[in-house]
Structures are given as structure tokens and as C-alpha cells.
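In terms of this note's numbering, the sequence shown opens at residue 3 and continues consecutively.
Let me begin by presenting the structure, written as C-alpha cells, before commenting on it.
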Amino acid sequence: MGFADFFKTFTRERAKEGESPSHWIKCPSCSALMYYKEVIAQHHVCPKCNFHMRIALEDRIEMLCDEGTLIEHDASLEPTDPLTFVDKKSYKKRIEEGKQKTGRASSVLSGECRINGVSTQIVLFNFAFMGGSLGSVEGEKIVRAVNRALEKHQGLVILSTSGGARMQESTYSLMQMAKTSAVLARLSQAKLPFISLLTDPTMGGVSASFAFLGDIIIAEPGAMVGFAGARVIKQTIGADLPEGFQTAEFLLEHGLIDMITPRKEMKKTLGDLLRFFNPYDENPCLLHL
Numbered sequence: 003m004g005f006a007d008f009f010k011t012f013t014r015e016r017a018k019e020g021e022s023p024s025h026w027i028k029c030p031s032c033s034a035l036m037y038y039k040e041v042i043a044q045h046h047v048c049p050k051c052n053f054h055m056r057i058a059l060e061d062r063i064e065m066l067c068d069e070g071t072l073i074e075h076d077a078s079l080e081p082t083d084p085l086t087f088v089d090k091k092s093y094k095k096r097i098e099e100g101k102q103k104t105g106r107a108s109s110v111l112s113g114e115c116r117i118n119g120v121s122t123q124i125v126l127f128n129f130a131f132m133g134g135s136l137g138s139v140e141g142e143k144i145v146r147a148v149n150r151a152l153e154k155h156q157g158l159v160i161l162s163t164s165g166g167a168r169m170q171e172s173t174y175s176l177m178q179m180a181k182t183s184a185v186l187a188r189l190s191q192a193k194l195p196f197i198s199l200l201t202d203p204t205m206g207g208v209s210a211s212f213a214f215l216g217d218i219i220i221a222e223p224g225a226m227v228g229f230a231g232a233r234v235i236k237q238t239i240g241a242d243l244p245e246g247f248q249t250a251e252f253l254l255e256h257g258l259i260d261m262i263t264p265r266k267e268m269k270k271t272l273g274d275l276l277r278f279f280n281p282y283d284e285n286p287c288l289l290h291l
């Protein structure tokens with residue numbers, strides 16, 4: 003069973019439609035058959051081979067945020083269509099389809115929560131909305147999250163899962179790379195921590211900007227991270243590429259990220275890092291001593 007079939011089985015959208023999930027699924031990596039409750043209990047990680055499957059935004063929130071602590075901000079911000087862009091469909095049509103599919107107005111959720119007891123600003127990309135692409139609204143939400151972090155002396159966590167810049171907004175989208183990078187410099191000057199969490203996939207303009215500006219850059223096991231696709235790169239440079247060169251493991255081996263953290267350890271890891279690196283934290287980590 004591939005990712006698409008897995009998503010059809012386990013997303014909340016299917017549950018809302020009243021359909022019952024299949025009790026057994028096949029791991030996309032090792033092909034092992036698993037009981038679906040076992041997979042869900044493992045945060046959608048294969049218990050046989052540790053393959054990390056893509057998961058829905060709501061499951062990310064449940065996994066990372068302390069229960070009942072997430073306060074969403076800027077939910078009313080919606081994309082416009084400044085270029086009246088049309089490819090196979092109009093941009094307005096794609097936005098509307100994204101809203102219907104996810105129940106949200108953009109590919110980013112931003113807000114404030116506690117992670118293992120530590121108050122933080124958090125930004126989560128939603129791949130189900132136009133491939134988690136970065137547009138003007140998404141960039142603005144990140145900027146506002148940074149401003150709240152500065153105001154409240156909190157750290158910032160951005161969880162990236164994105165295909166990159168949103169082509170339907172052209173230069174407006176590309177400007178978000180500079181816009182988000184500039185505001186993150188202010189966070190650095192204030193000595194407040196920014197933790198960048200890379201999940202599968204993190205590509206294009208997202209990886210070329212804020213995703214690799216974190217004080218600590220963490221990736222999930224097996225995540226695909228890069229700028230352009232392997233085929234495009236090979237055609238451009240005319241050379242064979244190392245096997246798995248866009249995986250988290252390859253990037254860690256070559257010093258481009260700081261650590262790879264399994265999902266079951268992610269919440270504790272984020273909480274510890276936020277507490278350790280925030281000089282304003284009321285309950286400093288013992289490691290400060």
C-alpha cells in the first residue's frame with residue numbers, strides 16, 4: 003500500500019464520511035502487514051522497519067503540542083490571486099479545492115502552544131493544502147509568529163513539509179524567502195531559539211530559506227530534503243548523483259543538519275532544546291548549570 007492509499011485509510015476526512023478503515027495495511031517500505039491500531043499508536047511509524055509515513059496536520063498537533071494548549075493565530079488570513087493565474091485550473095479554483103480538502107484557508111497553521119511544558123510559537127505546514135507550498139499568506143504567518151516570539155520572549159518551532167514556493171504567485175511567493183529570512187535574523191539577534199524541523203518532503207524555496215536557518219535543524223528519519231528534484235539536477239549538471247543524496251541521513255553525514263530524531267522522541271527533544279536555549283525560560287534546564 004502506497005502513501006496515497008494509506009492516507010485514504012487513515013485521514014480524518016474518511017472518518018467523517020463514515021467509512022470504516024481497513025484493519026491491515028502494508029508498509030510502503032518493507033511491505034510488512036501491520037494492524038492499523040499498532041501503526042497509529044506508533045505515530046504512523048512502521049514497527050518493523052521504522053519507516054516514517056507522512057501524517058496529517060491534526061496528527062502532528064496531537065503528537066507535538068501538550069493537550070489543549072494550542073491557540074491558533076491568523077486563521078482568517080487567506081490567499082488572493084494578484085496575477086489572475088491560470089494553468090490547468092485557475093489559482094482561485096485551486097485555493098477553493100484546498101479549503102474544501104483541509105478545512106483551512108492556507109497551507110500553514112501558526113499559533114502558540116506548550117511543548118513538554120515549554121511555551122513556544124509554532125508554525126506547521128500542511129502538505130494536503132497545495133503541497134504545503136509557500137505563498138504570501140504563509141510567509142506573513144511566519145513573520146507574525148516571529149514577532150509574537152519576540153514580544154513574549156519565546157522560542158519558535160517551524161515544522162516544514164512543503165514542495166517549495168507557490169508558482170501561482172510567482173515573485174510574490176519568492177519574496178517570502180527573503181521576508182522570512184530577514185525576520186528570523188531579528189529572532190537570532192534577540193538570542194531566542196529557532197528550531198527547524200524537516201519532514202518528508204522539504205523542498206524548493208522552503209529548504210532554500212528559513213528551513214535551513216534554524217539554530218538547531220532536526221529531521222525525521224528518511225525525510226526527503228533538497229531544492230530541486232534529482233532528475234532535474236542530473237539533467238542540469240550532466241552527472242550521476244550519489245544514492246540517497248536528498249535523504250536526512252545523507253545530509254546528517256555531510257554536516258547539513260544537526261540531528262535526526264524519531265517521532266516518538268520528537269516532543270521531548272523539542273521541549274528540552276527550547277528550555278535549554280531560551281535565556282528567558284522560567285524553568286531552565288539543568289544542563290544550564
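Just so you know, even glycine gets a beta-carbon here, dropped at the ideal spot from N, CA and C.
This one's a predicted model, so the numbers in the text were calculated from it and none came from an experiment.
Rounded to whole angstroms, what is the Cα-Cα separation between residue i and residue j?
{"i": "Phe9", "j": "Ala58", "result": "The predicted model places Phe9 with a pLDDT of 46, which falls under 50 and marks its position as unreliable; any figure quoted below should be read in that light. One C-alpha to the other measures close to 8 Å."}
{"i": "Met55", "j": "Thr86", "result": "36 Å"}
{"i": "Asp242", "j": "Gly206", "result": "20 Å"}
{"i": "Leu35", "j": "Ile27", "result": "6 Å"}
{"i": "Asn280", "j": "Gln156", "result": "7 Å"}
{"i": "Glu142", "j": "Gln170", "result": "17 Å"}
{"i": "His46", "j": "Gly105", "result": "22 Å"}
{"i": "Pro84", "j": "Gly133", "result": "20 Å"}
{"i": "Pro244", "j": "Val234", "result": "14 Å"}
{"i": "Glu74", "j": "Val110", "result": "11 Å"}
{"i": "Glu69", "j": "Gly100", "result": "27 Å"}
{"i": "Thr38", "j": "Glu60", "result": "Correcting the residue type first, residue 38 is Tyr in the shown sequence and not Thr. Rounded to whole angstroms, Tyr38 to Glu60 spans 17 Å at the Cα level."}
{"i": "Ala43", "j": "Glu64", "result": "12 Å"}
{"i": "Tyr174", "j": "Glu40", "result": "44 Å"}
{"i": "Leu72", "j": "Gln237", "result": "44 Å"}
{"i": "Leu288", "j": "Lys90", "result": "Unreliable positioning characterises Leu288 in this predicted model, as indicated by a pLDDT of 45, which lies under 50. The coordinate reading is nonetheless provided below. One C-alpha to the other measures close to 56 Å."}
{"i": "Pro81", "j": "Lys181", "result": "17 Å"}
{"i": "His256", "j": "Ile239", "result": "20 Å"}
{"i": "Ala1", "j": "Phe53", "result": "The shown model of the chain, from 3 to 291, leaves out residue 1, and the question about it has no answer."}
{"i": "Met261", "j": "Lys94", "result": "39 Å"}
{"i": "Gln102", "j": "Phe278", "result": "40 Å"}
{"i": "Cys29", "j": "Arg62", "result": "20 Å"}
{"i": "Lys154", "j": "Ala192", "result": "11 Å"}
Residue j and residue i - do their beta-carbons sit closer together than 9 Å?
{"i": "Ile144", "j": "Val88", "result": "no"}
{"i": "Thr163", "j": "Phe196", "result": "no"}
{"i": "Gly137", "j": "Ser108", "result": "yes"}
{"i": "Ser190", "j": "Phe212", "result": "no"}
{"i": "Asp177", "j": "Ala210", "result": "The sequence shown places Met at residue 177, rather than the Asp named in the question. Taking 9 Å as the Cβ cut-off, Met177 and Ala210 do not qualify as a contacting pair."}
{"i": "Leu194", "j": "Leu152", "result": "yes"}
{"i": "Arg188", "j": "Val148", "result": "yes"}
{"i": "Val227", "j": "Thr204", "result": "yes"}
{"i": "Asp283", "j": "Leu276", "result": "yes"}
{"i": "Arg150", "j": "Glu114", "result": "yes"}
{"i": "Asp76", "j": "Ser112", "result": "yes"}
{"i": "Lys266", "j": "Asn118", "result": "no"}
{"i": "Leu253", "j": "Ala230", "result": "no"}
{"i": "Ile218", "j": "Ile160", "result": "no"}
Quick one: is residue i buried, meaning 16 or more other Cβ sit within 10 Å of its Cβ, or exposed?
{"i": "Val120", "result": "buried"}
{"i": "Leu66", "result": "buried"}
{"i": "Cys48", "result": "buried"}
{"i": "His25", "result": "exposed"}
{"i": "Cys51", "result": "exposed"}
{"i": "Ser33", "result": "exposed"}
{"i": "Phe247", "result": "exposed"}
{"i": "Ser172", "result": "exposed"}
{"i": "Gly166", "result": "buried"}
{"i": "Leu258", "result": "exposed"}
With DSSP as the reference, label residue i as helix, strand or coil.
{"i": "Lys2", "result": "Here the chain has residues from 3 to 291 only, and residue 2 is not among them."}
{"i": "Ile259", "result": "coil"}
{"i": "Leu176", "result": "helix"}
{"i": "Ser92", "result": "strand"}
{"i": "Arg233", "result": "helix"}
{"i": "Gly134", "result": "helix"}
{"i": "Asp68", "result": "coil"}
{"i": "Ala191", "result": "The residue asked about is misnamed: residue 191 is Gln in this sequence, not Ala. Looking at Gln191 - three-state DSSP - the assignment turns out to be helix."}
{"i": "Thr82", "result": "coil"}
{"i": "Gly316", "result": "With the chain running from 3 to 291 in the structure shown, residue 316 is simply not present."}
{"i": "Leu275", "result": "helix"}
{"i": "Ala34", "result": "coil"}
{"i": "Glu251", "result": "helix"}
{"i": "Met226", "result": "strand"}
{"i": "Phe212", "result": "helix"}
{"i": "Lys154", "result": "helix"}
Could you check which residue in the options has the C-alpha nearest to that of residue i?
{"i": "Thr249", "options": "Asp202, His75, Glu69", "result": "Asp202"}
{"i": "Glu140", "options": "Lys103, Ala151, Ser33, Ser78", "result": "Ser78"}
{"i": "Thr122", "options": "Glu255, Leu158, Tyr282", "result": "Leu158"}
{"i": "Ile97", "options": "Phe131, Ile73, Ile160", "result": "Phe131"}
{"i": "Ser31", "options": "Glu99, Ala167, Thr238, Pro223", "result": "Pro223"}
{"i": "Ser183", "options": "Val208, Leu161, Leu200", "result": "Val208"}
{"i": "Leu272", "options": "Lys154, Ile239, Leu200", "result": "Leu200"}
{"i": "Arg168", "options": "Ala192, Phe53, Phe129", "result": "Phe129"}
{"i": "Glu251", "options": "Lys95, Ala225, Lys103", "result": "Ala225"}
With a cut-off of 9 Å, does the C-beta of residue i fall near any C-beta of chain B?
{"i": "Ala58", "result": "Among the protein chains of the structure shown there is no chain B, as only one such chain exists."}
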